[in-house]
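Following: one structure in structure tokens, then a few remarks.
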Amino acid sequence: MIYINNILKIFILQCILLTFPLFLKSQIDTIHLKEVEVKELYFNSPNTNKHQIDNFRLMHSVSANIGEILSYEPGLNVKTFGDGSLTTVSFRGTDASHTKVDWNGMQINSAMNGQIDFSLIPALPYNNLNLFYGANSLITSSGAFGGQVSFNSPDFNKLSPFIEIKQEVGSFGLYNSYLGVSSGKKYLKSITQLSYHKSNNDFKYFNNAVLPTQEMTQQSADFNRINIFQDLIYKKNKNEFSLHYWQANAERQIPQIMTNVFSSQHIEKQGDKSSRIFGTWNYQRKCFDLTLSEGVSVSELNYNLEQYSGTNLVTYINSKSNEKSYFSSVSTNFCVTNNVHLNSSIKYDFRNVNIYEQKSEVGYNVKNNVIDAMVNLDFNKGNWYNVTLLSRFVKNQNFEPAIIPSVFFKLLPMHDIVIKTSLSHNTNYPNLNALYYIPGGNIYLKPENAWQSDLSVKYQKINNETELEFFYNNVTNWILWQPTQFGYWSPNNVRNVISKGLQIKTICNLKVNKFIFNLHGAYTFNIAKAKDKEFVSEQLPYLPIHAGTASLRIRYLNYEFCFDELIYGTRLTSNYGSYSHLLEPLWLTNLSIMSFVKIKKSKLSVEFKLNNLFNTNYQLILWRPMPMRNASIVLSFKI
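Residue numbers for the sequence shown follow the working numbering, beginning at 14 and rising by one.
The following block contains the structure:
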């Protein structure tokens with residue numbers, strides 16, 4: 014109960030601070046714009062923080078995956094094994110399984126490990142990418158202790174008919190293509206997007222895991238990825254129908270780690286396939302909104318490990334994993350009065366997972382059903398003080414029901430300052446691998462629980478914006494995989510993790526004559542420690558205490574220059590710091606120069622990219638090398 018008392022004290026202090034402006038008469042004359050009220054905020058994100066990703070990076074992306082885009086956002090820790098390899102994202106010191114990802118409202122996390130491989134999701138130019146930190150994620154789903162990534166189809170209201178082609182070639186056999194076609198008129202619109210990403214990934218690096226240190230070339234690391242997106246929308250009167258389709262295929266080889274380059278050669282491959290289709294019907298009246306959604310997803314993961322024994326190639330692992338899911342939801346939004354809004358939803362998620370390893374002839378076939386219901390009341394006190402009460406009821410067929418309450422406050426002491434604070438409980442259920450994997454699955458696992466609180470202050474002018482956020486997360490029954498005496502790993506509820514800190518993000522825009530300057534900066538301070546029985550760990554693995562990013566963009570006539578910095582502090586690589594290898598502080602610099610010309614309604618551009626400008630030899634995951642200086646050139650044509 015001590016941690017609950019601590020978080021309640023923090024939350025009560027935040028609420029007291031929020032009440033001060035209520036008694037300051039000097040603030041009354043600043044509340045003069047009724048237009049501050051935006052109805053969509055109540056329907057989509059009442060009093061919660063929704064962070065929209067800067068579309069500049071998306072619009073200029075050809076080869077990037079969403080993980081690369083998110084690495085420039087505060088409070089996020091992106092762990093990647095390299096280009097085209099496994100990439101995970103965690104928020105504010107939590108685990109990758111505590112990050113939930115949805116596509117147009119349908120959760121796409123794997124039911125097997127609870128995670129999502131962000132390297133398989135391309136960063137498309139016209140899609141929308143939003144973040145919900147901490148408790149704010151409860152507006153969309155439960156279980157996201159860290160936060161939620163929302164990956165949505167393009168906003169058709171902002172799209173006009175076009176055809177766009179992008180082609181990128183670069184170092185290490187990099188070859189990327191993008192095709193986008195948008196068509197339609199007032200009532201019926203369509204957009205088709207195709208993304209292809211390929212690389213030999215055979216870069217040079219300095220291997221400091223062997224003595225003496227040697228320059229080597231990464232081998233057996235090639236990959237290719239293709240994604241097809243098709244979105245249709247039909248609007249008529251108060252009805253809107255939309256249909257979304259996503260087909261993904263990826264093949265990749267997994268290279269040896271740096272410590273094993275002289276061991277016997279092996280061939281390690283992974284193939285990923287998925288098909289998703291999702292449809293919605295939305296009906297809107299003046300004070301009422303109804304949305305029905307249905308979705309189906311089928312995915313397949315094949316993993317194969319072969320190793321040479323003399324001159325013969327022997328299969329050690331041949332695993333096939335299939336996952337089928339069905340998603341259905343109903344949501345309503347109703348204006349009780351001008352100042353009170355009632356929002357509710359109920360979601361049903363069915364998963365069927367079948368895993369089989371042919372060599373050892375083991376696996377599991379499990380079906381799982383989850384119901385997640387939500388209701389919230391949004392009280393709007395004029396234009397300057399709002400309160401939202403939210404509660405979720407979640408029933409997983411393998412566990413007892415969970416009730417998840419939360420409360421959100423929003424205060425506008427002045428028209429250019431917004432203060433928000435929240436307190437919530439949250440529950441995350443064990444994934445199916447943790448329960449049933451052979452060997453090691455533990456059917457006696459308990460759900461993970463968390464108390465979350467945060468406070469944000471946002472200052473916004475026409476050309477400048479700064480947001481400061483404080484956060485505190487206390488997670489109990491944290492699931493940790495540990496080695497056993499039988500030679501395999503098994504998960505247990507052994508941890509209590511406390512993660513706290515702050516993050517700040519600032520945006521500044523300036524125009525001087527014909528020059529346009531755009532500066533983005535972010536900084537995160539995050540301390541996260543775990544208690545395993547009587548042992549208190551040091552900082553959690555791969556989580557820097559200090560991290561920051563900076564981007565400067567300069568536009569002059571038909572030229573654009575972009576300068577990006579990515580900074581990480583020292584990172585531990587294991588749970589126990591005294592026995593951990595350290596990853597040294599990292600400072601990466603990327604730059605790009607683009608020139609474009611417009612001919613009537615057409616636009617032609619050429620962009621040159623130079624990554625890792627100072628040729629830094631580094632690792633993001635221990636003994637997994639990353640590319641040193643590399644370059645690419647992008648040609649784009651839009652009509």
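For each residue, glycine too, the CB sits at the ideal point set by N, CA and C.
query	result
Distance, residue 553 Cα to residue 416 Cα	29 Å
Whole runs of the alpha helix (DSSP H) within the segment 173-224, excluding any shorter than 4 residues	none
Cut-off 6 Å between Cβ atoms - residues of its own chain near residue 642, not counting five sequence neighbours on either side	625 and 628
Residue 114 versus 165, 94 and 95, residue with shortest Cα-Cα distance	165
Residue of 535, 507 and 504 minimising C-alpha distance to residue 519	535
Cβ-Cβ separation, residue 231 to residue 216 (assumed contact under 8 Å), whole Å	6 Å
Beta-carbon spacing of residue 429, residue 473 below 8 Å	yes
Sufficient close CB pairs (3 or more, under 8 Å) joining the segment 102-114 to the segment 271-284	no
Outcome for residue 65 when other beta-carbon atoms lying within 10 angstroms are tallied against a minimum of 16	exposed
Complete beta strand (DSSP E) runs within the segment 296-384 (minimum length 3 residues, chain order)	301-322, 325-348 and 353-370
Ranges of the beta strand (DSSP E) found wholly within the segment 57-109, counting only runs of at least 3	89-93 and 100-104
Inter-stretch contact (C-beta, 8 Å, three-pair minimum) for the segment 614-623 and the segment 196-206	no
Residue 641 (DSSP reduced to helix, strand or coil)	coil
Rounded C-alpha distance that separates residue 72 from residue 137	7 Å
Minimum C-alpha distance to residue 251 - residue among 303, 375 and 281	303
Cβ shell of residue 208 (< 6 Å), same chain only, five flanking positions each side left out	135, 191 and 240
Own chain residues within Cβ distance below 7 Å of residue 571, not counting five before or after	608, 609 and 610
Inter-residue spacing [alpha-carbon to alpha-carbon] between residue 733 and residue 632	Residue 733 is absent from the model: the chain starts at 14 and stops at 652.
Touch test, the segment 316-323 against the segment 349-367, Cβ-Cβ under 8 Å, three pairs minimum	no
DSSP three-state assignment for residue 415, whether helix, strand or coil	strand
Residue 279, DSSP secondary structure in three states	strand
Three-way DSSP call (helix, strand, coil) for residue 125 in this model	coil
Of the listed residues 442, 511, 212 and 233, nearest to residue 465 (C-alpha basis)	511
Distance between residue 264 and residue 372 (C-alpha atoms, nearest Å)	21 Å
Per-residue DSSP class, three states only, for residue 652	coil
Selected residue, minimal CA-CA separation from residue 647, among 177, 79, 152 and 313	177
Inter-residue spacing [alpha-carbon to alpha-carbon] between residue 548 and residue 509	11 Å
Meets three-Cβ-pair contact criterion under 8 Å: the segment 453-465 and the segment 428-442	yes
Among 600, 471 and 597, the one whose alpha carbon lies nearest that of residue 61	471
Whether residue 389 touches residue 402 by CB criterion (8 Å)	yes
Where residue 646 falls: helix, strand or coil (DSSP)	strand
Residue range of the unbroken beta strand (DSSP E) whose run includes residue 247	236-249
Separation of residue 244 from residue 502, as counted between CA atoms	43 Å
Assigned exposure category for residue 323 - 16 Cβ within 10 Å defines buried	exposed
Residues of its chain near residue 148, where Cβ-Cβ distance is below 6 Å and the 5 sequence neighbours each way are ignored	419, 435, 437 and 465
Sheet register partners of residue 436 (DSSP bridge)	420 and 466
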